[in-house]
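By UniProt numbering, the letter at position 81 of the sequence shown is numbered 81, and the numbering carries on one by one without gaps. All C-beta atoms, glycine included, are put in the ideal place defined by N, C-alpha and C. Because the structure is a prediction, the values reported are computed rather than measured.
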Amino acid sequence: MHEEVAVIPPAIPEEVTDLPPDVALIFQFVNTDDRRAFTAHGTRLRPRDRLATAEELERWLLDHGLLALGRHADDAHLHRARDLRQALRAALDPAHHDVPEAARLGFDFDVQVTRDGAGLVLDADPATSALAQIAATAVTITANGTWPRLKTCPAPDCQWVFYDQSKPGRGRWCSPQLCGNRAKTRGYRRRIHDS
């Protein structure tokens, strides 16, 4: 007998571990604005901003290897991080077909070329440099063609940003078993009610 396994949504973005490293950084950063507000298999998800304070931003940057221990983020960095996150989310919105660019995200880079290769240079404090690294990663995954596989779940009570790993890249829901089924059930109930 085939037993169906309940799909539990990840509590935090870092629980999703099968992503390429550059995609994982953007995925985890944009999902610090967790908009999910539904119950799945007894697990209640509530919207939460994981970057509500400068201390939370500092901890997130430190945990993701973008800020060295002893370096700090302040309220100005928090404001800039939230603006960056909102710009990235807007670019992932299916209603917009914007592509993130360094200028739109509010960072100016210089390119430095040496015998060892080329790299982006930003003359800024450590926390701003960490945020610029997130912006540069968004530009990199755009250039390598990965950006279109980052999508926002269309379920209004979800809006989780996910990485579409389907072969054709036509995935619509963050989880067909969760949000996809919930949408089908709502549609079915609406049709029954309207008939």
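When DSSP builds the beta bridges, which residues end up paired with GLY117?
As a working mapping, residue 117 is identified with position 117 in the sequence shown. THR114, per the DSSP bridge assignment.
Can you check which of these residues, ILE12, PRO9 and ASP18, is closest to ASP164 by C-alpha distance?
In the sequence shown, the residue the question calls residue 164 occupies position 164. Among ILE12, PRO9 and ASP18, the Cα nearest to that of ASP164 belongs to ASP18.
Taking just the CA atoms, how far does ASP110 sit from GLY117?
Translated into positions along the sequence shown, residue 117 becomes position 117. Translated into positions along the sequence shown, residue 110 becomes position 110. Roughly 14 Å between the two C-alpha positions.
Of all the options ARG48, GLU58, HIS41 and ARG85, which has the alpha carbon lying nearest to the alpha carbon of ARG137?
In the sequence shown, the residue the question calls residue 137 occupies position 137. The sequence given here places Thr at residue 137; Arg does not occur at that position. Out of ARG48, GLU58, HIS41 and ARG85, ARG85 has the C-alpha closest to the C-alpha of THR137.
What are the start and end residues of the alpha helix (DSSP H) that includes VAL30?
Position 30 of the sequence shown, counted from the start, is the residue given in the question as residue 30. From DSSP, the alpha helix (DSSP H) with VAL30 extends over 21-30.
Can you tell me whether VAL139 is helix, strand or coil according to DSSP?
By one-based count along the sequence shown, residue 139 stands at place 139. Helix at VAL139.
Quick check on ALA143: buried or exposed, where buried means 16 or more other Cβ atoms within 10 Å of its Cβ?
Sequence index remark: in the sequence shown, residue 143 carries index 143 (1-based). With fewer than 16 other Cβ atoms within 10 Å, it is exposed.
Does DSSP put THR152 in a helix, in a strand, or in coil?
As a first step, residue 152 must be located in the sequence shown, where it is residue number 152. Here THR152 sits in strand by DSSP.
For ALA54, which residues in the same chain have their Cβ closer than 7 Å to its Cβ, ignoring the five residues on either side in sequence?
Within the sequence shown, the letter at position 54 stands for residue 54. The residues are ALA73, ASP74, ASP75, HIS77 and LEU78.
Below 8 Å on the Cβ atoms is my contact criterion, and I expect VAL30 with ILE141 to pass it. Report the Cβ-Cβ distance as a whole number of Å.
Here residue 30 refers to the residue found at position 30 when the sequence shown is read from its first residue. Here residue 141 refers to the residue found at position 141 when the sequence shown is read from its first residue. At roughly 12 Å, the Cβ-Cβ gap does not stay under 8 Å, so VAL30 and ILE141 are not in contact.
Selected residue, minimal CA-CA separation from GLY180, among ILE134, LYS167, TRP160 and ILE192:
Reading the sequence shown from its first residue, position 180 is the one you call residue 180. When only C-alpha atoms are compared, the closest one is TRP160.
Stretch pair the stretch 63-71 + the stretch 42-53: three plus CB contacts closer than 8 Å:
no
Check THR128 in the structure and name its three-state DSSP category.
Taking the sequence shown and counting its residues from 1, the one referred to as residue 128 is at position 128. Note: THR128 maps to helix in three-state DSSP.
Run the CB neighbour count on ASP83, radius 10 Å, all protein chains shown included, and call it buried at 16 or more, exposed below.
Along the sequence shown, read from residue 1 onward, the residue named residue 83 stands at position 83. ASP83 comes out exposed.
For ALA54, three-class secondary structure by DSSP
Numbered from its first residue, the sequence shown carries residue 54 at position 54. Here ALA54 sits in helix by DSSP.
Have a look at the DSSP bridge pairing and note the partners of PHE162.
Within the sequence shown, residue 162 is the residue found at index 162, counting from 1. Paired residue(s): LYS151.
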